[in-house]
C-alpha cells in the first residue's frame, strides 16, 4: 500500500511518518495543496501509484506568500480531487481550534458522509489545538476504505 500524506506542520508530519513507518506503509508526502495536487495528477497519469490519501484540513495553498497569511481549508480541495481520481481520502485535524467560523466544514463532512479524524473527538469546537493528531485512527479508517473498494471492485 502506498499513500499520500499531506501535512504542513513539521511536528505533525514527524508523528505521521512514525505511524506510517511503524505500520510498514509506503508513502509520499506533501506540505501544501499545490504539492498534493501534483502527486494526485501523477497518480491519474500513471506516473506513480497511490492507494489513498490522508490530508490535513487547514494548510497553505502553496509555499507561503505575503498574501497567504492564514491557512485555508485546502484539505477539502485535496479530498475532492482525490475522490475525483478514485482514491479514498481521510481528513485528519488537530481539533476544532479554528473555531466556530469553520464549523461549516464539519457540517459538510457529515452531509457528504466523509470521515474526518479529529484530535478532540468530543466535537467541542472551542478547544485549543490538540498536541497530537490521531494518525493511527486516520490510517485505520483509510485502510478500511481501501479494503472496501477492493471488495467492491472484485464483486462488481
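Numbering (my numbering), first residue to last: 47 to 202. By construction, the Cβ of each residue, glycine as well, lies at the ideal position given by its N, Cα and C atoms.
First through last residue of the beta strand (DSSP E) which encompasses residue i
i           : result
residue 76  : 72-76
residue 48  : 48-52
residue 164 : 162-164
Residue i, enclosing alpha helix (DSSP H) - first and last residue
i           : result
residue 138 : Unbroken run through residue 138 is the beta strand (DSSP E), 135-139; no alpha helix (DSSP H).
residue 246 : No answer is possible for residue 246: it lies beyond the span of the chain, which begins at 47 and ends at 202.
residue 89  : 79-90
residue 192 : 181-201
residue 178 : Neither: residue 178 is in no alpha helix (DSSP H) and is coded neither H nor E.
Close-in-space but distant-in-sequence residues of the same chain around residue i (CB under 8 Å, 5 per side omitted)
i           : result
residue 48  : 71, 72, 73, 74, 94, 95, 96 and 97
residue 56  : none
residue 155 : 137, 161 and 162
residue 118 : 104, 105, 106 and 107
residue 192 : 47, 97, 98 and 134
residue 86  : 50, 96, 99, 124, 127, 128, 131 and 133
residue 198 : none
residue 83  : 123, 124 and 127
Beta-carbon proximity list for residue i, same chain, < 6 Å, skipping 5 on both sides
i           : result
residue 59  : 53
residue 77  : 54
residue 139 : 103 and 164
residue 183 : 163
Option nearest residue i by Cα separation, candidates the options
i           : options               : result
residue 108 : 186, 81, 178 and 188  : 81
residue 187 : 161, 131, 128 and 123 : 161
residue 159 : 139, 179, 62 and 134  : 134
residue 130 : 153, 99, 198 and 157  : 99
residue 152 : 178, 180 and 121      : 121
residue 62  : 200, 178 and 190      : 178
Those residues which DSSP pairs with residue i across a bridge
i           : result
residue 119 : 105
residue 99  : 50 and 135
Cutoff 8 Å: residue i Cβ touching any chain D Cβ
i          : result
residue 88 : No chain D appears in this structure, which consists of one protein chain only.
Contact set for residue i: own chain, Cβ-Cβ below 7 Å, skip 5 residues either direction
i           : result
residue 194 : none
residue 181 : 61, 62, 65 and 138
Is the number of C-beta pairs between the region 82-91 and the region 64-71 that are closer than 8 Å three or more? no
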